[in-house]
Structures are given as C-alpha cells and as structure tokens.
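Inspection log for the structure reproduced underneath, given as structure tokens.
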Amino acid sequence: VMVKPAILYLDIIKEASMTFNMPIAAYNVSGEYAMIKNAGENGLIDEKRAALEMLISIKRAGAKLIITYYALEASKWIKE
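Numbering of the sequence shown is given in this note's numbering, commencing with residue 25 and proceeding in unit increments.
Okay, structure coming up:
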C-alpha cells in the first residue's frame, strides 16, 4: 500500500498500518520537500531539524518505507 502525500495523510498511514497485513509505503512528495527546503534556505526554520521531524512523524504513523527527496541528506544527518 502506497500513501501520498505523506504529511497530509498521516492518519491514513496509521489506519492502513493497522488494517492491512503488509508494509505501508509513504511518498513524501516534492511540495512537502520544497516547503521545508524553502523555509530553511530563507532562515525561517532549521531545515535539518524540520526535515528529520517530518520523516520521524511518517515513520511513527506506521510507514515501513519512506520515499523522499531528503533521502541523501537524511542519511547523512542520521549518521552524524
């Protein structure tokens, strides 16, 4: 089961994870990425902190797989 956009449908991810006996994938769409990227570049938020919190919330909702434009950056941040 694939859910997109991920952030707007965290409740659907949670419900699907409790309903279906299969992994739930969440697609963190380009608009969600751009929103955080732009706010970070303009000094409105801490991009790293906001992006990781977003990804953690998707995982916490029940996604076993997250497809995100932050994949490379997040993997580096997690290793720090």
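From the three backbone atoms N, C-alpha and C, an ideal C-beta is built for every residue, glycine too.
Hey, out of R84, L89, K100 and L96, whose CA is closest to D35's CA?
R84
Pick helix, strand or coil for L76, following the three-state DSSP scheme.
In the structure shown, L76 sits in a helix (DSSP, three-state: H, G or I).
Looking at A50 and I82, is the spacing between their C-beta atoms short of 8 angstroms?
yes
Just tell me which of L89, A87, L79 and V53 has its CA closest to the CA of I102.
Out of L89, A87, L79 and V53, the CA that lies nearest to the CA of I102 is found in L79.
Please list, in chain order, all residues of the same chain as Y33 whose beta carbon is under 7 angstroms from its beta carbon, the five residues on each side excluded.
Once the five neighbours on either side are set aside, the close Cβ partners of Y33 are V27.
Spatial neighbours of M46 within its chain, please: CB distance less than 7 angstroms, with the 5 preceding and 5 following residues excluded, ordered by chain position.
V25
Can you find the residues in the same chain that come closer than 7 angstroms, C-beta to C-beta, to K61, ignoring five residues on each side of it along the sequence?
E71
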